[in-house]
Every structure is written in structure tokens, then in C-alpha cells.
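Undergrad: The sequence shown begins at 1 in UniProt numbering and counts up one residue at a time.
No residue lacks a Cβ here, since even glycine has one placed at the ideal position from N, Cα and C.
Just so you know, these numbers come straight off a predicted model, no measurement behind them.
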Amino acid sequence: NYLMRPEVIAHISDHVYYANGNKASVPLVSEAIRNNPAIYPPADVFAKLFTLKVQDPKIDRVRTRAWTKVKSGK
């Protein structure tokens with residue numbers, strides 16, 4: 001995939017101020033972006049990150065309905 005070439009995705013990260021998942025691109029990302037802890041968190045912060053677990057479909061429906069109400073203002 002063209003976009004995941006290290007030199008290409010590093011250039012994109014420099015312009016969108018967003019980290020990417022290609023470790024080979026990190027040395028190619030500008031120093032200002034690479035050293036920004038809000039974009040590339042330090043190891044101690046990274047160790048505390050987690051992903052949400054897959055929920056039961058009933059829970060997912062409740063969450064979706066609640067979020068729809070928030071977005072629609074109803």
C-alpha cells in the first residue's frame with residue numbers, strides 16, 4: 001500500500017499532526033512531531049492505554065441509541 005511506505009506516511013504525519021502505525025516511519029517524521037507527547041506519548045503513558053472490549057449487542061444498541069439522541073438533540 002503506497003500510503004504505508006515510511007517516507008509517504010511520515011510526510012502525512014507531519015501535515016496532519018497525527019501519529020501513524022508504521023514504526024519504520026518514526027525516524028522520518030519531523031522532530032517537532034516525533035517529540036510531541038500529545039502525538040507520540042511517552043512509554044509510561046503508552047503502557048496505560050487500552051482498547052474497549054467488544055460489548056454484547058444489546059449494550060451496543062443502547063449506546064448507539066443514546067449517542068443518536070445526543071447528536072440529534074432529542
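When the Cα atoms are used, what is the spatial distance from Thr68 to Lys48?
TA: Stepping through the sequence shown from its first residue, residue 68 is reached at position 68. Stepping through the sequence shown from its first residue, residue 48 is reached at position 48. If you take the alpha carbons of Thr68 and Lys48, they lie about 30 Å apart.
Undergrad: How long is the line joining the alpha carbons of Ala32 and Val26, rounded to whole angstroms?
TA: Numbered from its first residue, the sequence shown carries residue 32 at position 32. Numbered from its first residue, the sequence shown carries residue 26 at position 26. Rounded to whole angstroms, the separation of the alpha carbons of Val26 and Ala32 is 12 Å.
Undergrad: Please report the straight-line C-alpha distance between His15 and Pro57, rounded to a whole angstrom.
TA: Taking the first residue of the sequence shown as position 1, residue 15 is located at position 15. Taking the first residue of the sequence shown as position 1, residue 57 is located at position 57. Those two C-alpha atoms are separated by around 38 Å.
Undergrad: Since Ser25 is in the alpha helix (DSSP H), which residue starts that stretch and which ends it?
TA: The sequence position of residue 25 within the sequence shown is 25, counting from 1. Under the DSSP assignment, Ser25 falls outside any alpha helix (DSSP H); it carries neither an H nor an E label.
Undergrad: In angstroms, rounded to a whole number, what distance separates the CA positions of His11 and Ile59?
TA: Within the sequence shown, numbered from 1, the residue matching residue 11 stands at position 11. Within the sequence shown, numbered from 1, the residue matching residue 59 stands at position 59. One C-alpha to the other measures close to 40 Å.
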